[in-house]
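Residue numbers (UniProt numbering): 1 to 465.
Ideal placement from N, C-alpha and C gives every residue a C-beta, glycine not left out.
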């Protein structure tokens, strides 16, 4: 945990942004794999972690904006808990570490909520993403599960998003650490991978290194020779000469802050000529996009710059044609780039995504109202502010099924050279990604430098054999 004053200040800022009523925070429960006592790795709800810091299951809290009360609800360890888990700090001690003095048993939460309802007081909650919390809210407030999301408090959501979006110095230190450890792991992977290995062998090394760092993976590692599959968690392929490995993986620190890096490297010592050409197009898009990062710049425009750079590079290779501005406006570039250039990052690798992309990545001035393929997957469009942390991750992905569908439908024939594209049908994909902090006047990359150019990567691969 951070110093208790950090959590006291966070709650104070939140209270100053909201008028009256009760703010309800639900922590996460343990999630069984196949029976009650065999659970998945516990991960606390990030908003609960942000304001209360206690990384334990089965907790809840309220902030009474009218009476100035802050209460955490949870149960102390029973003798059975102590026998099986060992003596730890008491819940009271952990609460005091977050600057909280009022601790009540879990059962008292429902008593308090009933009292508030009888008094017609406004109890505000955030949209839950766990089924158990949906059920709790449904029971407590006599709502159907289908009504829960629309009943969440929009002012509460917006206040949390505004506060959590701007990272403090303590958070930036954690994010720097996460990015640096992630870079070390990526370098290890480049040095370790060899033809004949299975993806699972390398994915296991990533998991091992993440645990050894004192944290864990921030998300399931994407380690694949099928880089055209954007979120590919299958690890059963064998590495073959001439293929590329796409490694999208990042560490979460013990405090819960995420790193999110991607590098693509050859299974062989060198990229093929075609692989190098495509890689350099992606790297130029990355460079042009990250060079734009600064306060006041809309990330929507960063994304469009990335798309236009990719389109120009693909046109130079003969894979696209026509006017690049028209091609991007029409969405023809999404044959090769089906997703967004980046997203907010912090305690979650996709920061605060549970609170709603329309609040986290967009504003009233820039609403996300498109259904256009590719653009609809842009998670971040709003103007950047000092203290934001985000990713830049352009890529080129050749998806045979998408080629077949669009060509059969005659889509974008004025922009896509399908005859040339047929030669790249089995190319797979390339992505490059780093994490950035928006500074007072510009930006800086988080963590340490990780081999980025084909020359740097090939030097590492040469030494690996």
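Around the beta-carbon of residue 423, fewer than 16 other beta-carbon atoms lie within 10 Å, marking it exposed.
In this model, residue 315 and residue 285 are separated by some 14 Å (Cα to Cα). The beta-bridge partner set that DSSP reports for residue 124 consists of 23.
Going by DSSP, residue 169 is part of the alpha helix (DSSP H) stretching over 169-192. Contact between residue 294 and residue 438 holds, since their C-beta atoms are separated by about 7 Å, short of 8 Å.
Taking one beta carbon from each stretch, the region 234-244 and the region 399-419 have fewer than 3 pairs nearer than 8 Å; the two do not touch. Using a Cβ distance threshold of 9 Å, residue 300 and residue 382 count as a contacting pair. Straight across, the Cα-Cα distance linking residue 20 with residue 11 is about 14 Å. Look at the region 304-341 and you find no whole run of beta strand (DSSP E) that is 3 residues long or longer. DSSP, reduced to helix, strand and coil, places residue 237 outside both helices and strands of the structure shown, so it counts as coil. Taking 3 residues as the minimum length, the beta strand (DSSP E) runs contained wholly in the region 66-144 are 69-73, 102-104, 123-125, in order along the chain. Residue range 261-266 is occupied by the beta strand (DSSP E) that includes residue 265. Segment contact: the region 446-462 against the region 182-200, three or more CB-CB distances shorter than 8 Å; contact assigned. Taking the CA atoms as reference points, residue 276 sits about 21 Å from residue 419. 9 Å or more divides the Cβ of residue 265 from the Cβ of residue 62. In this structure, the beta-carbon distance from residue 345 to residue 354 does not fall below 9 Å. Cβ atoms of residue 335 and residue 430 stay farther apart than 8 Å, at about 15 Å. Only exposed fits residue 410, as fewer than 16 other CB atoms lie within 10 angstroms of its CB.
Its Cα nearest to that of residue 297, the residue 362 stands out among 213, 362, 163.
For the options 428, 303, 375, 385, the alpha carbon positioned closest to that of residue 401 is the one of 428. When the alpha-carbon of residue 101 is set against those of 111, 90, 110, the nearest one is in 90.
With distances taken between CA atoms, residue 1 lies nearest to 49 out of 39, 49, 25, 15.
When C-alpha distances from residue 340 are compared across 179, 380, 364, the shortest belongs to 380. In the same chain as residue 92, and ignoring 5 residues on each side of it, the C-beta atoms closer than 6 Å to its own belong to 103, in chain order.
Counting only unbroken stretches of 4 or more residues, no alpha helix (DSSP H) element lies wholly within the region 430-454.
When the beta-carbon positions are compared, residue 250 and residue 347 stay at least 9 Å from each other. Cβ-Cβ separation between residue 391 and residue 435: approximately 6 Å, consistent with a contact (criterion under 8 Å).
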